[in-house]
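J.:
Numbering (the working numbering), first residue to last: 788 to 1191.
Below, the structure is given as structure tokens:
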């Protein structure tokens, strides 16, 4: 059985070990500076060998990709880049397919031959890397240790049980684009504590994220607001964000400046090769608003991973709940919403906004891959808030003196 869901059994065994550690009260791996590495070891040691076993039969072989699908197109583009030396043309005059992923496919084949093994396993690293970054964010947001491990398990479980499992190693851009977005988010969030080269890395990964999926430009731009989150103290309302923006506007100038330059480079490349100063062809099928109406079907697919009127599964329910909570925090800044990171909410808005105008074509669950980590952090924030509230109430009842 080569289904990724089979590999989740090993992950559950690791979770059982985690429960044993909690029962024995051995909390060395729950320290904030160690918990992210511990999560990577708990789950990575199970996941990476499993997928290596699943795809070991592809070593030393070339894959027969099914015709008429995007994954075959990227293989063709990669061959033109590496074999024919079309590093600028990359198989297309004006980009129709997403620009950057074909180069990664070409590099995988350049270093590892015709076998698809490296390309497949790269998707696994993206999923595992996203789980680690989610845990790192959760540590910074002061989630409880057990909740951090649980969110990591839920993220991996959804990827291995839901329809997302078919996108691991499928040869599409989504997991690569997602990890670049998460890396940009992490380095921007780290700008609060340390500057230096982090803005360069954040800008670089943001550019890669845009070049890998151009329709996620809004989300890539929205990540900049994570740099305005406070290190300590209350998050505050919109005025507090504006006050911090006036102090850290240079971060936005660097990051957004690099992003605008990346868009212009794509436009210039298309103009140089085919005389069209535009990020893609104007007749792109996802921009066909005359024969098809994208709203609200496209947003439904992004939120649920299914086409209307199919009822959402586990993936869609989690994503929808997380998105609703994040959107509510934009207007309500009281109680549980008081310290919710607005940078996370703005990023989700930036991710959803293009799909009010763009058609979602083919492989419906893939549109949830980017938004799932953000939705899980949103849900985790509220779970942590209410758990802390219950602890505070219990502590108050235990410490209040009783009347004689």
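Backbone N, C-alpha and C fix where the C-beta goes; we use that ideal spot for every residue, glycine too.
All values derive from a computational prediction rather than experimental measurement.
Do the segment 858-874 and the segment 890-899 touch if we need at least three Cβ pairs shorter than 8 Å?
T.: A contact exists between the segment 858-874 and the segment 890-899.
J.: Would you check if there are 3 or more beta carbon pairs closer than 8 Å linking the segment 1152-1165 to the segment 1132-1144?
T.: Touching, yes.
J.: Could you have a look at residue 886 and say whether DSSP puts it in helix, strand or coil?
T.: Residue state, collapsed to three classes: coil.
J.: Going by beta-carbon coordinates alone, are residue 1167 and residue 934 separated by less than 8 Å?
T.: Against a cut-off of 8 Å, the Cβ pair of residue 934 and residue 1167 comes out as a contact.
J.: So what's residue 930 in DSSP terms, helix, strand or just coil?
T.: Note: residue 930 maps to coil in three-state DSSP.
J.: Please report the distance separating the alpha-carbon of residue 964 from that of residue 917.
T.: So the two alpha carbons sit approximately 11 Å from each other.
J.: What separation, rounded to the nearest whole angstrom, lies between the Cα atoms of residue 1105 and residue 1066?
T.: Each residue's Cα considered, the two are about 33 Å apart.
J.: Please classify residue 1097: does DSSP put it in a helix, a strand, or coil?
T.: Coil, per DSSP.
J.: State yes or no: is the C-beta of residue 1074 within less than 8 Å of the C-beta of residue 1145?
T.: In this structure, residue 1145 lies closer than 8 Å to residue 1074 by Cβ.
J.: In chain order, which alpha helix (DSSP H) runs of at least 4 residues are fully inside the segment 811-878?
T.: With a minimum length of 4 residues, the continuous alpha helix (DSSP H) runs that stay inside the segment 811-878 are 819-841, 857-869.
J.: Smallest Cα separation from residue 976: which of 1036, 1010, 1055?
T.: Among 1036, 1010, 1055, the Cα nearest to that of residue 976 is on 1010.
J.: Can you have a look at residue 980 and say buried or exposed, based on whether 16 or more other CB atoms are within 10 angstroms of its CB?
T.: Looking at its Cβ environment, which holds fewer than 16 other Cβ atoms inside 10 Å, residue 980 is exposed.
J.: Could you check which residue in 1047, 1149, 881 has the C-alpha nearest to that of residue 1062?
T.: Ranking 1047, 1149, 881 by Cα distance to residue 1062 puts 881 first.
J.: Cutting at 6 Å between CB atoms, please list the residues of its own chain near residue 1192, excluding the five before and the five after it.
T.: Outside the shown range of the chain (788 to 1191) lies residue 1192, about which nothing can therefore be said.
J.: Alpha helix (DSSP H) containing residue 972: first to last residue?
T.: Segment 961-977, the alpha helix (DSSP H) holding residue 972.
J.: Helix, strand or coil for residue 1019, going by three-state DSSP, please let me know.
T.: Correct three-state label for residue 1019: coil.
J.: Could you give the distance in angstroms between the alpha-carbon of residue 788 and the alpha-carbon of residue 903?
T.: Its pLDDT being 47, under 50, residue 788 is placed unreliably by the model, and the measurement read from it follows with that caveat. Cα-Cα distance, rounded: 19 Å.
J.: Give every residue of the same chain whose Cβ lies closer than 7 Å to the Cβ of residue 985, excluding the five residues on either side of it in the sequence, and list them in chain order.
T.: Closer than 7 Å at Cβ, skipping near neighbours: 974, 977, 978.
J.: In angstroms, rounded to a whole number, what distance separates the CA positions of residue 1083 and residue 1012?
T.: The alpha-carbon atoms of residue 1083 and residue 1012 are separated by roughly 27 Å.
J.: Whole angstroms are fine: how far does the CA of residue 941 sit from the CA of residue 830?
T.: Taking the straight line from one Cα to the other gives about 12 Å.
J.: Go to residue 1155, then tell me how far its alpha helix (DSSP H) extends in each direction, as first and last residue.
T.: Per DSSP, residue 1155 belongs to no alpha helix (DSSP H) and is neither H nor E.
J.: State buried or exposed for residue 906, treating a residue as buried only when at least 16 other CB atoms are found within 10 Å of its CB.
T.: It counts as buried.
J.: Less than 8 Å between the C-beta atoms of residue 992 and residue 971, yes or no?
T.: Yes, Cβ-Cβ distance for residue 992 and residue 971 is below 8 Å.
J.: Can you have a look at residue 854 and say buried or exposed, based on whether 16 or more other CB atoms are within 10 angstroms of its CB?
T.: The residue is exposed, with fewer than 16 neighbouring Cβ atoms inside 10 Å.
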